[in-house]
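S.K.: Got a structure here, written out as structure tokens. Questions coming.
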Amino acid sequence: MATQIGRERLLAHFRTMARIRAFEETAERLYNEKRIPGFVHLSSGQEAIPAGVCANLAAEDRLTSTHRGHGHTIARGGDIQAMMLELFGRQGGSCGGKGGSMHIADMRIGMLGANGVVAAGLPIAVGAAHAAKLAGEPRVVACFFGDGAVNRGPFLESLNWAAVHRLPVLFVCEDNRWSATTPTRLTTAGPGIAARAEALGVPACAVDGNDVAAVDYLAGELVASVRAGGGPRLLLAATYRWSGHTSADAGAYRDPAEVARAKTDDPLRRAARALGGLGVAAEELAAIESDVAAELAHAVQLAERAPFPDPAALYTDVQDIGAPTARVPA
Amino acid sequence: MATQIGRERLLAHFRTMARIRAFEETAERLYNEKRIPGFVHLSSGQEAIPAGVCANLAAEDRLTSTHRGHGHTIARGGDIQAMMLELFGRQGGSCGGKGGSMHIADMRIGMLGANGVVAAGLPIAVGAAHAAKLAGEPRVVACFFGDGAVNRGPFLESLNWAAVHRLPVLFVCEDNRWSATTPTRLTTAGPGIAARAEALGVPACAVDGNDVAAVDYLAGELVASVRAGGGPRLLLAATYRWSGHTSADAGAYRDPAEVARAKTDDPLRRAARALGGLGVAAEELAAIESDVAAELAHAVQLAERAPFPDPAALYTDVQDIGAPTARVPA
Amino acid sequence: MSRMSFVEATRQALAAEMRRDGRIFVLGEDLGRGGVFQQYRGLQAEFGPARVVDTPISESAIMGVAVGAAMCGARPVVEMRYLDFTLCAVDELVNQAAKLRYMLGGQARVPMVVRQPIGLWANCAAQHSQSLEAWWVHVPGLVVLCPGDPADAGPMLAAAIRADDPVVLLEYKELFPVEGEVGDPTLPAEIGRARLVRPGSDLTLVAWGGSVREAAGAAELLAARGISAEVIDLRSLWPWDSAAVLASVARTGHLLVAQEATEVAGFGAEIAALVAEETGARVARIGAPRTPIPFSPALEAAYRVDAARIAARAAAFLARHR
Amino acid sequence: MSRMSFVEATRQALAAEMRRDGRIFVLGEDLGRGGVFQQYRGLQAEFGPARVVDTPISESAIMGVAVGAAMCGARPVVEMRYLDFTLCAVDELVNQAAKLRYMLGGQARVPMVVRQPIGLWANCAAQHSQSLEAWWVHVPGLVVLCPGDPADAGPMLAAAIRADDPVVLLEYKELFPVEGEVGDPTLPAEIGRARLVRPGSDLTLVAWGGSVREAAGAAELLAARGISAEVIDLRSLWPWDSAAVLASVARTGHLLVAQEATEVAGFGAEIAALVAEETGARVARIGAPRTPIPFSPALEAAYRVDAARIAARAAAFLARHR
Ligand SMILES: Cc1ncc(C[n+]2csc(CCOP(=O)(O)OP(=O)(O)O)c2C)c(N)n1
Ligand SMILES: Cc1ncc(C[n+]2csc(CCOP(=O)(O)OP(=O)(O)O)c2C)c(N)n1
Ligand SMILES: [Mg+2]
Ligand SMILES: [Mg+2]
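Residue numbers (this note's numbering), protein chains in the order written: chain A, 968 to 1297; chain B, 968 to 1297; chain C, 12 to 333; chain D, 12 to 333.
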């Protein structure tokens, strides 16, 4: 970890990443134990990217996410209890139980939503930035997406639009090398994602996405230039997805050696080592991890006991005009 | 005209271009005189590109076109009489009167169709090439599109696909600087169309699109490399659209000086000058032009007298299974 | 009341809304030159290119940017040029705009208007003439409006802009140049109310958009044959005024729905089915055959659901059931 | 006859077709690892990556490439993963595949199959659970199939592949693992014929896809209440077997259409409207409310059109009209 970073800042990153890791491991366990409905897309191994990027966002900034959205929400300061309730489909969930993991969102912190459609977040992020610019509001929008999303048309349309209008968007590509069960390189032509962005008028920088200090530093530079009106930027962060594509996917198609090698490059352990170098005792980190574990255990306990939404909630939040009327119960 | 080209070949180009020009001018007049239904998108001023490209296609090759498809069809050897019947919506039209100018097609010459949706031809061309490769057929597909189409998602998805599969596609971008009534540069970010293609793994070459010999030469090189299995290529041809976006558009939003300047760079006159240099007498060219004029006049005469399709044809060519049944006449 | 074209009424309504509310902006292709039907003539000069945005040819982004902007406090009005091009932005409209408020448990709203010029016009053939209102009515979250005459054009647009929901506004291309008596075009309409075009006693004829004229023409033809048809302009397709239709059918005992769109699985099926469910009255439909839209005027004439065809269908329907 | 799952039947049918005809190729995401529902397990090993193509995440290109390939002699089978992602490729399906043969005056055909896994499954919520069959039925040029049990799964796929038209094949996700008695899964079905699931005399219950099981369950519940319901599995939505439905309704006098999709402007409206037009019999529908699909199991339970709800609707319907 060559990048200079202060002790407190790195400790904060460590805590953020530990919370994400614990959330993902908890979600995975809950899924395997059939205690939560639906699927979850886990981001274990990728924690340094949301941690490093979101640390550079101001209160008024916004972000869009992907199907793999827990980490972005947590790094942005999302409420873990509400997220857990959402995963369980209960009252008090971030989305009242209507969205689930794949649509997790928290407008109070400018988190416009995970999204079940690959690349759908890109034009939404650009629209959020367009609105901010139109209103003269000094907001930056961070737009997270995966390496597989660069093969969808909205990638081109969104980057071009953002560049034409010089909008305050930081595009963040989490390059974990996989598009579901397919290695992205097999379906992706050309010299790379950075070149695609540059060809669309969006300057791009690559970073080691498992090095939280490096991500933080570069994201800081890019957010500053975006905020100063320099137009959109792209941060290309290399990382690896430790688990299967969804919680239902064992990932058997991947070479176990590849996975094992990737796991040796653990963003949390890297941060821990650097913190050691900065004089932080191992006990302090262990304390953070046990805090976080307790937080998660508590969240699960509450969520599992929480009531399900009233069936009448099926009919609310659809639309004002022409809202659906409740069926007579069968 | 620096490029070496033989007399006969250039004469053939001249004739092709003269036929396109005459067709477009005729269509424009017919529209203005309200003798044909619908709109026509005219390619006057852009003739050198289809002429130069299609001269390099073999009998088994294929092409896709745009809303502005007359020139591509004629250059490929399409039947002008059938085309004119189609513009009039009559029996014997290329598409039996069902498609009109915007859907003109001729499968006998591998012309898969003009298309009313910008960029829709790109994945179709890629699919045609994919099918050829799968079947082991040695066919090249030429895919024409405009500079405005590079802002639609299918541009990215199609080029990427063609490059991943090393498909035999020659993408031809007719850069006439305008997207309908909007200058393309105002809505397009980045270093340019060639850079976009290269970023998607498709090597690109630029050419003066009003110089038919240059287009011919470069298209020849590119088609050869595509045919040899080198994967897709993009030819970026600079030109200008002389008329309005459609026949209904006077083009008043354009600086008259810009139009006038562009018209001084007439691909036909350039070819004529070069032919003069190769010893072709002005009379010979005049004879070609009057041949062509007669051909067009004859085509119009026949088309205007041809019968409309039988109303029963409304119901044919839809589908085999679940075909529509004719309504009882009112 | 003054005489005004449909398109002029929409221009006035839009300009008035934009003056009233600085959050409104319009985005689409070629708007600075007025747009295909001159719906935007003069607006860029008044409001500037930041509020009347000339977009790239990027339908997915046009729609998706509007969604993101709407979630964040702006009030976008999207111009799709032709309804048909919306087919390049369906994920953004249906998976995103329509569902986001729900998926987010009410945390966000998506107040945007999607203008879709719809229907046959100038022999534009299969990819520039479709009527797909049935699709949008089938999508939870969307409001679907379809003005049928110049007097409604402005008020419907104003109401769409003021709605906090995503609204699809279907504007029949053939109506744009039509003139009529118009009240204040900037006064927002009440959404969800049908309009009685012509009273009658033998048959209820329901139509919307461009078909309202044809239905009215059919009523004339029927009157000459001694049949009294009541013509209703639905105006709003979701929500639609089932009360008005049911009340009319209760009087006439017969319903005929006339639509320009393909008859099979069209919106007319919903109206006919609901009336049949609720009343047991005799119902009938007329719409386009299940063929793509042909170019040739000869074929288009065979395709079109015009006044004569509607009248013939009505007469045959009544003859069978009376 | 042998016991087989729905998904296994489709695998056998596809493999048999691919062995028979070298022009057939399959394209979609992750097919080499079997696809989301393991519909393609083992096929890449047998046929190689050129005929079982792992595509980029490029739905527009997947569909558009299939269109171009189909026009040029190949027989593509497109996998959309979830019906919902078809919304990223609607221009290619509706403006291109469905219309090209017509626009080109019959010069080309577009023989392709678009497999769309459809419906509720595993609480996948609003963007992974939709049923939009009504949309495709409304589009001239498309054939729409929807097998409702394992015995039909293979034959329907084989028939779709052999058709020279673009065919949308809707496969209910919840049916994939269901086992049943299956004849020869590779024998192409006759398209356009409904299947009598259970005879009855008081009411005709029409369903398709995943709702067939629910309708059959409802018939059981109704039988216990002394109501005899005839259950028809439509199997093919365009063309649909109106003759079979009309003949049944002629006997029972009552029609109830049950669908998983949103009731408003759903395909059930077409069936109800046509039966009402043709017969004057009493008709009724049951479908989902006009809300996006919720995640929480508690809300999904309230949303779902299950056997109990169908039976209750049927009983209330008959009580009102008998
Ligand atoms: C339009 C669309 N196509 C396909 C899918 C199915 N899908 C969900 S995630 C995924 C892979 C995405 O890969 P990437 O963008 O790299 O993100 P990652 O999962 O690696 O985080 C796919 C194919 C989808 N959700 N949306
Ligand atoms: C998807 C789509 N969006 C918009 C249009 C309307 N339209 C037709 S041609 C055109 C301009 C196309 O510009 P370009 O690709 O440069 O081709 P050119 O007209 O210059 O030949 C537009 C916007 C369309 N046909 N399809
Ligand atoms: Mg990835
Ligand atoms: Mg152009």
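Just so it is clear, CB atoms sit at the ideal spot from N, CA and C, and this is done for glycine as well.
State yes or no: is the beta carbon of Q50 (chain D) nearer than 8 Å to at least one beta carbon in chain A?
M.R.: No - not a single Cβ of chain A is within 8 Å of the one on Q50 (chain D).
S.K.: By DSSP's criteria, W1145 (chain B) is part of a beta bridge. Which residues make up the other side?
M.R.: DSSP lists B:P1150 as partners of W1145 (chain B).
S.K.: Taking DSSP's pairing of strands, which residues face Q127 (chain C) in a bridge?
M.R.: The partner list for Q127 (chain C) (beta bridge, DSSP) reads C:L181.
S.K.: Since F36 (chain D) meets chain B, which of its residues come closer than 7 Å, beta carbon to beta carbon?
M.R.: Ordered by position in chain B, the residues that pass the 7 Å Cβ test against F36 (chain D) are L1101.
S.K.: For ligand 2, is there any heavy atom lying closer than 7 Å to the beta carbon of T970 (chain B)?
M.R.: Checking the Cβ of T970 (chain B) against ligand 2 gives no.
S.K.: For ligand 3, list every residue whose C-beta falls under 7 Å from any of its heavy atoms, going in chain order.
M.R.: With the cut-off at 7 Å, the residues found are A:G1113, A:D1114, A:G1115, A:E1141, A:D1142, A:N1143, A:R1144, A:W1145, A:S1146, A:T1151 and A:R1208.
S.K.: For a quick check, are the C-beta atoms of A272 (chain C) and F278 (chain C) less than 8 Å apart?
M.R.: Yes. Within cutoff.
S.K.: Can you grab the Cα-Cα spacing for the pair V208 (chain D) / E190 (chain D), in whole Å?
M.R.: So the two alpha carbons sit approximately 16 Å from each other.
S.K.: Against G298 (chain D), what residues of chain C qualify as contacts under a CB-to-CB distance less than 7 Å, listed in chain order?
M.R.: Simply none; closest approach about 10 Å.
S.K.: Quick check: what's the CA-CA separation for E1251 (chain A) versus S1257 (chain A)?
M.R.: Roughly 10 Å separates the two Cα atoms.
S.K.: Starting from G279 (chain D), trace the beta strand (DSSP E) both ways and give me its first and last residue.
M.R.: Taken as a continuous stretch (DSSP letters only), G279 (chain D) belongs to no beta strand (DSSP E), being part of the alpha helix (DSSP H) at F278 to T290.
S.K.: At the 8 Å Cβ level, is A1297 (chain B) part of the contact set with chain D, yes or no?
M.R.: Because A1297 (chain B) carries a pLDDT of 45, less than 50, the predicted location of this residue cannot be relied on, and the following value inherits that uncertainty. A1297 (chain B) does not count as touching chain D.
S.K.: Hey, how far is the Cα of A1297 (chain B) from the Cα of R320 (chain C)?
M.R.: In this prediction, A1297 (chain B) scores a pLDDT of 45, lower than 50, which makes its location untrustworthy; the coordinate-derived value is nonetheless stated afterwards. Answer to the nearest angstrom: the Cα atoms are 5 Å apart.
S.K.: Can you tell me whether S16 (chain C) is helix, strand or coil according to DSSP?
M.R.: S16 (chain C) falls in the strand class under three-state DSSP.
S.K.: Locate the alpha helix (DSSP H) running through R331 (chain D), then write down its first and last residues.
M.R.: Here the alpha helix (DSSP H) through R331 (chain D) covers A318 to H332.
S.K.: Which residues, taken in chain order from the segment 1167-1190 of chain B, show a beta carbon closer than 7 Å to some beta carbon of chain A?
M.R.: Of all residues in the segment 1167-1190 of chain B, L1167 and G1168 have a Cβ within less than 7 Å of some Cβ in chain A.
S.K.: From the beta carbon of N1143 (chain A), is the nearest beta carbon of chain D less than 8 Å away?
M.R.: It does not: the Cβ of N1143 (chain A) has no partner Cβ on chain D nearer than 8 Å.
S.K.: Does the Cβ of R1035 (chain B) have 16 or more other Cβ atoms within 10 Å, making it buried, or fewer, making it exposed?
M.R.: With 16 or more Cβ atoms within 10 Å of its Cβ, R1035 (chain B) is classed as buried.
S.K.: Do you know whose CA, among C:L115, C:P158 and C:V179, lies nearest Q127 (chain C)'s CA?
M.R.: Measuring from the Cα of Q127 (chain C), the nearest candidate turns out to be C:V179.
S.K.: Going by DSSP, what residues sit across from S247 (chain C) in a beta bridge?
M.R.: Answer is C:L156, bridged to S247 (chain C).
S.K.: With hydrogens ignored, establish whether the beta-carbon of G1083 (chain B) is closer than 7 Å to any heavy atom of ligand 2.
M.R.: G1083 (chain B): yes, Cβ under 7 Å from ligand 2.
S.K.: Anything in the segment 299-312 of chain C with a Cβ closer than 7 Å to a Cβ of chain D? List those residues in chain order, please.
M.R.: Listed in sequence order: R301, T302 and P303.
S.K.: Given this structure, state the Cα-to-Cα distance separating L248 (chain D) from D1287 (chain B), to the nearest angstrom.
M.R.: Taking the straight line from one Cα to the other gives about 15 Å.
S.K.: Please classify Q138 (chain D) as buried or exposed, where buried requires at least 16 neighbouring CB atoms within 10 angstroms.
M.R.: Buried: at least 16 other Cβ atoms inside 10 Å.
S.K.: With distances taken Cα to Cα, identify the nearest neighbour of V76 (chain D) among B:P1121, B:A1239 and B:N1143.
M.R.: The candidate whose alpha carbon is nearest that of V76 (chain D) is B:P1121.
S.K.: Grab the span of the beta strand (DSSP E) containing L266 (chain D) for me, first residue to last.
M.R.: Note, L266 (chain D): beta strand (DSSP E), H265 to T273.
S.K.: Just the Cα atoms here: how many angstroms apart are P1276 (chain B) and G298 (chain C)?
M.R.: Approximately 22 Å, taken between the alpha carbons.
S.K.: Examine ligand 1 and report whether any of its heavy atoms sits within less than 7 Å of the Cβ of A99 (chain D).
M.R.: A small correction: the amino acid at residue 99 (chain D) is Cys; Ala does not occupy that position in the sequence shown. Indeed, a heavy atom of ligand 1 lies less than 7 Å from the Cβ.
S.K.: Note down, in chain order, every chain B residue with its Cβ under 8 Å from the Cβ of E40 (chain C).
M.R.: S1146, A1147 and T1149, listed in chain order.
S.K.: Counting only C-beta atoms, is D1046 (chain A) closer than 8 Å to chain C at any point?
M.R.: By this cut-off, D1046 (chain A) is not an interface position.
S.K.: Taking all protein chains shown into account, decide if D1073 (chain A) is buried (16 or more other Cβ within 10 angstroms of its Cβ) or exposed.
M.R.: Result: buried.
S.K.: Can you check whether the CB of P210 (chain D) is closer than 8 Å to the CB of E231 (chain D)?
M.R.: No, the pair does not count as a contact, with Cβ atoms beyond the cut-off.
S.K.: Under 8 Å, CB to CB, which of the residues in the segment 121-140 of chain D have a partner in chain A?
M.R.: Under the 8 Å Cβ criterion, the segment 121-140 of chain D contributes A133, N134, C135, A136, A137, Q138 and H139.
S.K.: Closer than 8 Å by beta-carbon distance: list the chain D residues that pair up with G1064 (chain A), in chain order.
M.R.: Going along chain D in sequence order, the residues near G1064 (chain A) (Cβ under 8 Å) are P305, F306, S307, A309 and L310.
S.K.: Relative to chain A, which residues along the segment 229-256 of chain C have a C-beta separation below 9 Å, given in chain order?
M.R.: The residues in question are S247, W249, P250 and W251.
S.K.: Compare the C-beta of Y1 (chain C) with all C-beta atoms of chain D and state if any pair is closer than 8 Å.
M.R.: Given a span of 12 to 333 for chain C in the structure shown, any question on residue 1 (chain C) remains unanswerable.
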